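To start, the structure under review is shown below, and the notes come after it.
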């Protein structure tokens, strides 16, 4: 057996690959991977991309709506939708709303609260939430959600709402 050769059953590998195609390919892959790692690891201070601010905690505790029955859930949902509609209709267009930071933040907070309310209410009152009753007017709720959707606010997106 030659020096630099390795014998394994069914394979005859020559470990002295000075200028072979496989050696060149390996060097190319190693250099490319190293450059890629170096470039991806750099902290570019001239980068103009905006970073997301850290997520803020909800102002309400996560279990705030946990003890609500279907009537309380409906009343609170109507308040949230009414406030959101009022805030949105204060502006002629969605672009104007987007320029006003306070109102934009208020809409996002209302959407987070909406998400928290629906999550807690459905966990406790799942079947009752789909049954129309004197205190749970599903048609008016859907009508207000549709109005918000037509105004460009998709409140069901919750904290990931895009304005």
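In the working numbering, the protein residues as written are 9 to 171. By construction, the Cβ of each residue, glycine as well, lies at the ideal position given by its N, Cα and C atoms. Here the structure is a predicted model, which means the values were calculated and not measured.
Asked                                                                                             : Found
Length of the line joining the Cα atoms of residue 117 and residue 79                             : 23 Å
Residue 154 burial status per 10 Å Cβ neighbour count (16 or more: buried)                        : exposed
Residue 162 versus residue 131: straight-line alpha-carbon distance, rounded                      : 22 Å
Length at least 3, wholly inside the region 118–142: the beta strand (DSSP E) runs in chain order : none
Residue range of the unbroken alpha helix (DSSP H) whose run includes residue 153                 : 146–158
Alpha carbon of residue 83 to alpha carbon of residue 143, nearest angstrom                       : 8 Å
Exposure label - residue 32; buried when at least 16 CB within 10 Å                               : exposed
Contact belief for residue 156 with residue 95 at Cβ below 8 Å, rounded distance in angstroms     : That belief does not hold up - the Cβ atoms of residue 156 and residue 95 are roughly 10 Å apart, past 8 Å.
Distance between beta carbons of residue 165 and residue 119, contact taken as under 8 Å          : 6 Å
Rounded C-alpha distance that separates residue 135 from residue 141                              : 12 Å
Best match in 170, 169 and 152 for proximity to residue 90 [C-alpha to C-alpha]                   : 152
Whether residue 159 touches residue 115 by CB criterion (8 Å)                                     : no
Buried or exposed by the 16-neighbour rule on C-beta atoms within 10 Å, applied to residue 97     : exposed
Whole-angstrom C-beta distance between residue 73 and residue 128, which should lie under 8 Å     : 4 Å
Cβ pair residue 112, residue 105 closer than 8 Å                                                  : yes
Nearest neighbour of residue 167, chosen from 123, 147, 85 and 86 [CA to CA]                      : 123
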